[in-house]
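Residue numbers (this note's numbering), protein chains in the order written: chain A, 133 to 759; chain B, 133 to 759. For reference, the structure discussed in these notes is given below.
Number of protein chains: 2
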Amino acid sequence: MNVKFLPEGKHVSIVFESTILDAALRGNIDLASECGGEALCGRCQVIIVEGSENLSPISEEEKKHLTNEKLRMGFRLACRAKVTGDVVVKIPISSRTGIQKLVVMGIEPPLIIDAHIKKAYIELAKSTLDDPTADDIRLLKKIKQVGLELKIDYGVAKKLPDVLRDGGWKITATIIGEKIVDIEAGDSPALYGFAVDIGTTKVAGFLVDLSTGELLHASGMINPQISFGEDVISRISHAMEKDGIKELQEAIVEAINSLIEKACDITDIHREKIYEVSIVGNTAMHHLFLGVNPEYIPFSPYPPAIAHSLNVDAAEMGIKIHPKGNIHVLPNIAGFVGGDAIACILATRIYEKDDLHMLIDLGTNTEIAFGYRDNIFICSTASGPAFEGAHIKQGMRAATGAISSMKIDKDVSFETIDDAKPRGICGSGIVDAIAEMLRVGIIDTAGEMFHEHPRVTEQGFVVAWKHETANGKDDIVITQKDIREVQKAKAAIQTGWRIMMNKLGVVERDIKKIIIAGAFGSFINPASAETIGMLPEVALSAVTFVGNTAGSGARMALKSQEERLKADEIARKVHYVELAAEEDFQMEYINALSMPHANLDYYPQVANSIKARISKVLLRKNKNLAS
Amino acid sequence: MNVKFLPEGKHVSIVFESTILDAALRGNIDLASECGGEALCGRCQVIIVEGSENLSPISEEEKKHLTNEKLRMGFRLACRAKVTGDVVVKIPISSRTGIQKLVVMGIEPPLIIDAHIKKAYIELAKSTLDDPTADDIRLLKKIKQVGLELKIDYGVAKKLPDVLRDGGWKITATIIGEKIVDIEAGDSPALYGFAVDIGTTKVAGFLVDLSTGELLHASGMINPQISFGEDVISRISHAMEKDGIKELQEAIVEAINSLIEKACDITDIHREKIYEVSIVGNTAMHHLFLGVNPEYIPFSPYPPAIAHSLNVDAAEMGIKIHPKGNIHVLPNIAGFVGGDAIACILATRIYEKDDLHMLIDLGTNTEIAFGYRDNIFICSTASGPAFEGAHIKQGMRAATGAISSMKIDKDVSFETIDDAKPRGICGSGIVDAIAEMLRVGIIDTAGEMFHEHPRVTEQGFVVAWKHETANGKDDIVITQKDIREVQKAKAAIQTGWRIMMNKLGVVERDIKKIIIAGAFGSFINPASAETIGMLPEVALSAVTFVGNTAGSGARMALKSQEERLKADEIARKVHYVELAAEEDFQMEYINALSMPHANLDYYPQVANSIKARISKVLLRKNKNLAS
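See the structure below:
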């Protein structure tokens with residue numbers, strides 16, 4: 133039977149009871165599916181134009197994701213609608229993937245491949261009356277000749293005599309640490325690893341050839357735990373319910389297994405040739421992956437249960453790789469500074485620098501590492517999801533049609549992702565918009581919007597008029613409330629690095645480099661970020677972007693034992709700063725609410741360039757502080 | 133309902149469908165049951181005197197163990213006959229346990245208790261804002277203060293935050309090697325271990341308090357693998373069949389679990405407070421316990437698959453102790469020299485001696501270790517079961533009524549175990565009988581019996597006339613064939629130590645001590661053993677008995693890490709002698725067939741004392757050899 137996709141007009145032929153999503157994949161049609169067809173993300177919404185009678189009945193899951201109005205309009209989830217005859221399907225823009233990629237590759241410094249898992253091909257002399265040595269001793273002696281003192285795992289002991297003889301005394305040993313964990317007859321060099329970055333929202337997996345270090349496949353999916361709660365705190369709440377931890381653990385383990393399965397399918401590699409998985413994630417994701425109770429994390433003094441790195445048997449975790457495979461879980465620093473932050477430090481190498489570096493990993497929680505060599509301070513701030521487009525009236529993620537940058541000259545000009553008609557505004561666009569409004573004086577430094585400007589309506593500041601937009605119905609605006617959200621977010625971040633600057637006794641000109649990490653960070657205009665005070669005022673050339681480095685760190689720890697040790701060392705050496713326990717926290721936060729900051733001396737150039745009126749409130753306050 | 137036991141005349145009241153064995157246990161009636169009621173040993177045969185209609189029908193298992201004649205005579209297996217009404221039961225002497233104990237304790241030198249598993253009670257400071265250290269780091273730091281660098285097991289990671297808080301930051305950690313494998317809230321010092329000696333016929337288990345080293349319980353049972361074959365070779369044959377290894381492994385694992393359960397029941401200790409099991413056994417028993425294919429052992433060059441000691445997770449083995457408990461399996465030396473031989477060397481401390489020691493562990497396979505310090509040679513000889521009473525016409529094990537020693541002066545005098553009327557002759561009695569016959573000249577040095585003596589009948593040499601015996605029906609005799617069996621057995625042993633003496637270039641007077649190990653060995657008269665040539669001619673004061681030391685060695689390795697390391701060292705340092713590969717093997721064996729030896733120069737005192745005619749055959753042969 134046939135599925136015709138509109139507006140492409142492409143026909144795809146499929147077998148009975150395939151889903152529309154199957155058809156889209158087969159036809160290489162751009163259709164979003166972040167959960168991989170699990171009816172979790174609700175992204176694969178399509179409109180049935182013809183042949184709705186040739187589809188399976190509307191499922192409960194579809195009813196969950198689609199409003200009654202949408203159901204009436206003919207919307208279905210492509211992953212759930214099974215085709216029993218010809219249909220014509222339209223894909224709305226909102227269901228396109230655009231450039232919003234689930235896997236954003238971060239930088240990865242060159243390193244020497246030295247995986248924790250090794251394989252060795254060994255030829256042994258046959259047992260004879262003159263040399264009737266036991267099989268295990270024969271093997272271990274041979275290995276000792278190359279300087280390795282190993283033990284054999286019980287599973288190897290069990291099959292050793294038969295494998296030795298089947299292989300004609302030629303075998304391949306798989307070695308983890310000081311143990312031979314598997315043997316195969318003959319020469320069998322295949323050796324793969326899988327790196328996983330467990331984000332609160334997304335899970336990314338990377339299949340790596342451990343002999344060459346080559347990345348063979350990368351893929352991502354929505355963290356299925358999202359159905360138990362969108363953010364860390366609501367997940368932890370769920371964990372406190374009966375069987376909550378178990379449910380959350382099973383969900384993420386299944387997700388990782390499906391990423392592994394997918395990568396193996398595509399690369400035609402048997403999953404039992406994957407011998408190790410490395411895991412990074414924030415502390416809560418780390419605990420939930422391990423099935424460790426995370427309930428103490430959100431309460432002062434926010435202690436993680438487990439901070440050291442751990443090696444766990446894959447079989448014990450239910451991760452479907454080689455049954456004797458190892459799961460290496462990177463360490464944590466604090467309740468809100470996890471292995472993902474360590475991975476960033478690892479990938480950016482700031483612990484090797486002699487100059488002062490500031491590393492900002494932007495996200496719902498923003499971690500800021502600041503310092504050099506062994507003097508690195510780190511903190512976490514609850515910056516919230518504003519920069520990812522959430523809690524912003526017309527905010528959206530950085531997908532097709534998102535306004536990603538904006539300027540106000542005589543009039544407003546903007547750019548959208550894929551040059552599509554605007555559908556909303558993403559983080560970088562929001563930062564630009566507020567910086568520009570500040571610069572031209574539409575808002576004051578306290579974020580108060582003035583209504584004189586022709587672009588300011590009752591709704592707020594209009595970035596795009598409705599006739600310019602994709603739906604043609606609504607203006608895309610920045611509201612006063614949006615500005616407040618951004619103020620709070622940037623204040624959280626600014627408070628973090630300001631407290632750390634105070635601690636180190638340094639000023640802006642001491643900062644050699646600011647490194648922005650995180651998938652979203654890459655799109656930001658550094659000038660705008662400085663204007664609103666999210667970053668300290670430094671030369672724009674000192675600001676660099678490294679993308680999503682959590683996955684980079686996971687891959688590095690997979691490929692190199694040295695990097696793994698470094699990660700452990702970083703976790704123990706970095707000085708964690710608990711912002712809430714800092715005396716100047718409240719004052720710093722209040723001062724940081726104004727843009728760029730209550731004390732404009734920190735931002736001489738920004739102060740010079742902005743036309744924004746200085747908030748009277750702040751002037752009064754500053755006077756008080758000075759007196 | 134009631135079971136009346138004869139000849140005791142004791143009434144035991146039991147519930148419907150209890151077995152006769154249950155009744156006997158309840159009434160404290162002496163009734164043999166070596167398999168623990170599994171219908172494996174066939175030892176619990178009873179005769180139904182009245183009420184046979186009040187019993188369950190005869191089972192297939194009973195048909196296997198009881199001849200048709202016995203079934204007609206009213207024999208039943210007590211473990212299978214279930215009581216549905218009153219019965220009167222007679223227990224024949226052959227079904228009494230007598231002194232034949234399944235567990236024969238060996239000597240055990242004093243040692244410092246230093247178990248591989250430890251417990252530590254730890255009080256931690258509570259997590260605070262000033263010290264928000266992660267739970268795991270807090271714990272490991274505290275432990276590091278006493279000099280231990282540990283890691284935590286995944287299972288511990290999972291429960292750490294809750295146990296810490298449940299215990300008010302006071303916990304007990306269980307430590308195996310460098311890993312914390314369990315934590316409990318509060319102070320929980322209970323720490324037990326279980327040592328197992330897997331014999332081909334018997335399995336013995338010892339429950340040990342690992343804090344004090346105290347032996348809390350010892351028990352034994354028939355090795356249930358016996359239903360798959362009586363000796364090592366027939367077990368290996370069974371292992372080569374489909375699922376054979378699995379069946380044999382399951383049988384022994386179940387046996388060990390039932391020994392553990394029994395010991396725990398009696399001592400009222402929870403089995404999860406047992407954290408480690410140590411295992412010794414001959415190489416084939418070792419392999420079958422581990423589920424390792426033993427099929428290459430019986431074929432030249434007789435290589436074991438596994439010779440190194442192994443640590444295996446109890447859970448992986450199915451041994452029901454603490455789920456994170458460890459199974460320590462002692463090493464092997466060769467295909468026919470296993471961990472039981474190492475245990476003997478360990479317990480007798482011959483590796484610490486500066487003088488020449490000969491250690492003979494008597495059994496179906498007799499291991500002989502010979503030497504001093506690092507110069508210990510070891511071999512194994514297939515001495516067969518003659519000394520255990522098997523393959524001997526009226527041979528029996530050392531149980532009530534066995535003739536255990538014998539003398540010929542004017543007439544024959546003998547002693548029996550428990551001073552009961554004789555029922556047969558056990559190993560020590562057989563050795564005495566043949567030595568005495570040789571001494572008084574009833575047999576020649578080739579073992580040929582002369583018929584002039586009044587005690588020599590057509591059957592053979594009469595040790596006890598029928599009117600003296602328990603059944604009153606048959607003379608107890610030593611037949612010509614019996615003598616041949618003993619000759620072969622002692623020749624095998626003598627060949628072993630003679631070849632080793634040749635290798636070391638030593639003579640009898642160089643031997644400081646001869647140590648006889650093995651349950652059976654303890655009953656032997658050393659003078660008789662020298663007379664027949666089983667031992668070299670040394671001062672009788674130089675011969676000592678140490679009992680069953682395999683279990684001793686297993687307990688030592690359980691209690692002390694140092695002993696465990698010594699066992700590994702012994703396994704690697706001892707020089708294994710493959711007798712079959714020795715050039716002089718055939719010649720030595722032929723010469724050893726005569727008693728005490730073809731060359732009487734080795735036995736000047738025996739030669740002097742015996743009245744035996746020197747075999748003409750041997751005289752001729754010796755002449756040939758001398759020329």
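Glycine is no exception: its CB is placed at the ideal position from the N, C-alpha and C atoms.
Label A:V738 either buried or exposed according to how many other C-beta atoms from any shown protein chain fall within 10 Å of its C-beta, with 16 as the threshold for buried.
-> Taking the first sequence and counting its residues from 1, one reaches residue 738 of chain A at position 606. The residue is buried, with at least 16 neighbouring Cβ atoms inside 10 Å.
Nearest to B:S673 (by Cα), restricted to the options B:A651, B:V544, B:I647, B:S692 = Within the second sequence, residue 673 of chain B is the residue found at index 541, counting from 1. The option with the nearest alpha carbon to B:S673 is B:I647.
Anticipated Cβ contact below 8 Å, A:Y324 with A:I401, distance rounded = For this step, residue 324 of chain A is matched to residue 192 along the first sequence. For this step, residue 401 of chain A is matched to residue 269 along the first sequence. The pair is a contact, with the Cβ atoms about 6 Å apart (cut-off 8 Å).
Any 3 or more C-beta pairs closer than 8 Å across the region 514-524 of chain B and the region 544-563 of chain B = Contact holds between the region 514-524 of chain B and the region 544-563 of chain B, because three or more Cβ pairs, one in each stretch, are under 8 Å apart.
What three-state label does DSSP hand A:K233 in the structure shown?
-> The count along the first sequence starts at 1 and reaches residue 233 of chain A at position 101. In this prediction, A:K233 scores a pLDDT of 42, lower than 50, which makes its location untrustworthy; the coordinate-derived value is nonetheless stated afterwards. Coil, per DSSP.
Reference A:G592, options A:F582, A:I746, A:A247, A:I223, closest by Cα | Taking the first residue of the first sequence as position 1, residue 592 of chain A is located at position 460. Of the listed residues, the one whose Cα sits closest to A:G592 is A:F582.
Chain B contacts made by the region 428-443 of chain A, where a contact means CB separation under 7 Å = Y428, S432, P433, Y434, P435, P436, A437, I438, A439, H440, L442
Name the chain A residues whose beta carbon is nearer than 9 Å to that of B:L261?
-> What you label residue 261 of chain B is simply residue 129 of the second sequence in a count that begins at 1. Chain A residues near B:L261: S432, P433, Y434, E710, A712, A713.
Would A:P668 be called buried (16 or more neighbouring beta carbons within 10 Å of its own) or exposed?
-> Locating residue 668 of chain A in the first sequence gives position 536, where the first residue counts as 1. Counting Cβ neighbours within 10 Å, A:P668 comes out buried, since at least 16 surround it.
If we count Cβ pairs, one from each stretch, closer than 8 Å, do we get three or more for the region 463-472 of chain B versus the region 430-443 of chain B?
-> yes
Would a check of beta-carbon distances place A:M133 closer than 9 Å to chain B?
-> Your numbering for residue 133 of chain A matches position 1 in the first sequence. Chain B contact via Cβ: absent.
Mind the definition here: the region 683-690 of chain B touches the region 487-507 of chain B only if three or more C-beta pairs lie below 8 Å; say whether that holds.
-> no
Contact list for the region 307-318 of chain A against chain B, Cβ threshold 7 Å = none
What is the rounded straight-line gap between the Cα of A:I303 and the Cα of A:Y483?
-> What you label residue 303 of chain A is simply residue 171 of the first sequence in a count that begins at 1. What you label residue 483 of chain A is simply residue 351 of the first sequence in a count that begins at 1. Whole-angstrom Cα-Cα distance: 42 Å.
B:Q619 and B:G579 closer than 9 Å at C-beta | Indexing the second sequence from 1 puts residue 619 of chain B at position 487. Indexing the second sequence from 1 puts residue 579 of chain B at position 447. Contact: yes.
Give the DSSP-derived three-state secondary structure of B:M569 in the structure shown.
-> Your numbering for residue 569 of chain B matches position 437 in the second sequence. Of the three classes helix, strand and coil, the one that applies to B:M569 here is helix, per DSSP.
Uninterrupted beta strand (DSSP E) stretches inside the region 650-732 of chain B (no shorter than 3 residues) | 675-679
Taking only the alpha-carbon atoms, compute the straight-line gap between A:D486 and A:G503 and give it to the nearest angstrom.
-> Position 354 of the first sequence holds residue 486 of chain A. Position 371 of the first sequence holds residue 503 of chain A. Distance between the alpha carbons of A:D486 and A:G503 is about 9 Å.
At least three beta-carbon pairs within less than 8 Å, the region 696-704 of chain A to the region 469-478 of chain A = yes
Within the 9 Å Cβ cut-off, does B:G141 reach chain A?
-> For the purposes of this step, residue 141 of chain B is taken as the residue at position 9 of the second sequence. When Cβ-Cβ separations below 9 Å define contact, B:G141 makes no contact with chain A.
At least 3 beta-carbon pairs within less than 8 Å: the region 640-658 of chain B vs the region 716-725 of chain B | no
Output yes if chain A places a C-beta closer than 9 Å to the C-beta of B:A767; else output no.
-> This structure cannot speak to residue 767 of chain B, because chain B is shown only from 133 to 759.
Close beta carbons around A:K456, own chain, < 7 Å, minus the five adjacent residues each side = Residue mapping note: residue 456 of chain A aligns to position 324 of the first sequence, counting from 1. Only D285, G287, V313, D314 meet the Cβ criterion.
Range covered by the beta strand (DSSP E) that runs through A:H489 | Within the first sequence, residue 489 of chain A is the residue found at index 357, counting from 1. A:H489 -> beta strand (DSSP E) spans 488-493.
Are the C-beta atoms of A:R616 and some chain B residue less than 9 Å apart?
-> As a working note, residue 616 of chain A is residue 484 in the first sequence. No, because no Cβ of chain B sits closer than 9 Å to the Cβ of A:R616.
To which residues of the same chain is A:T265 closer than 8 Å at the C-beta, ignoring the five residues directly before and after it?
-> For the purposes of this step, residue 265 of chain A is taken as residue 133 along the first sequence, with counting starting at 1. So the qualifying residues of the chain are S259, K273.
Cβ-based neighbour list, B:V135, same chain, cut-off 7 Å, excluding 5 preceding and 5 following | Indexing the second sequence from 1 puts residue 135 of chain B at position 3. Hits under 7 Å: V144, I146, I152, A155, V215, V219, V221.
Closest Cβ-Cβ distance between B:A266 and chain A: below 9 Å?
-> Working through the second sequence from its first residue, we reach residue 266 of chain B at position 134. Yes - at least one Cβ of chain A is within 9 Å of the one on B:A266.
Boundaries (first-last residue) of the beta strand (DSSP E) holding A:Y324 | Reading the first sequence from its first residue, position 192 is the one you call residue 324 of chain A. First-last of the beta strand (DSSP E) with A:Y324: 324-330.
Would the beta-carbon of B:G628 be found less than 8 Å away from any heavy atom of the ligand ZN?
-> With respect to the ligand ZN, the structure offers nothing, as it holds no ligand at all.
How many whole angstroms separate the CB atoms of B:G238 and B:G679, which I take to be in contact at a CB cut-off of 8 Å?
-> Position 106 of the second sequence, counted from the first residue, corresponds to residue 238 of chain B. Position 547 of the second sequence, counted from the first residue, corresponds to residue 679 of chain B. Yes, B:G238 and B:G679 are in contact; Cβ-Cβ is about 4 Å, under 8 Å.
Using a Cβ-Cβ cut-off of less than 7 Å, give me the residues of the region 291-303 of chain B that come near chain D, in sequence order.
-> You won't find chain D in this structure, because its protein chains are A and B.
Could you give the uninterrupted runs of the beta strand (DSSP E) lying entirely in the region 454-523 of chain B, keeping only those of 3 residues or more?
-> 458-461, 488-493, 498-504, 507-513
Kindly indicate which three-state DSSP category B:H143 falls into: helix, strand or coil?
-> On the second sequence, residue 143 of chain B is found 11 positions in, with the first residue counted as 1. Residue state, collapsed to three classes: strand.
Of all the CB atoms in chain B, is at least one closer than 9 Å to the CB of A:N760?
-> No information on residue 760 of chain A is available, as it lies outside the stretch 133 to 759 that chain A covers here.
Using the beta-carbon of each residue, which ones in chain A are nearer than 8 Å to B:N458?
-> The sequence position of residue 458 of chain B within the second sequence is 326, counting from 1. Going along chain A, no residue has its Cβ under 8 Å from B:N458, so there is no contact; the nearest lies around 11 Å.
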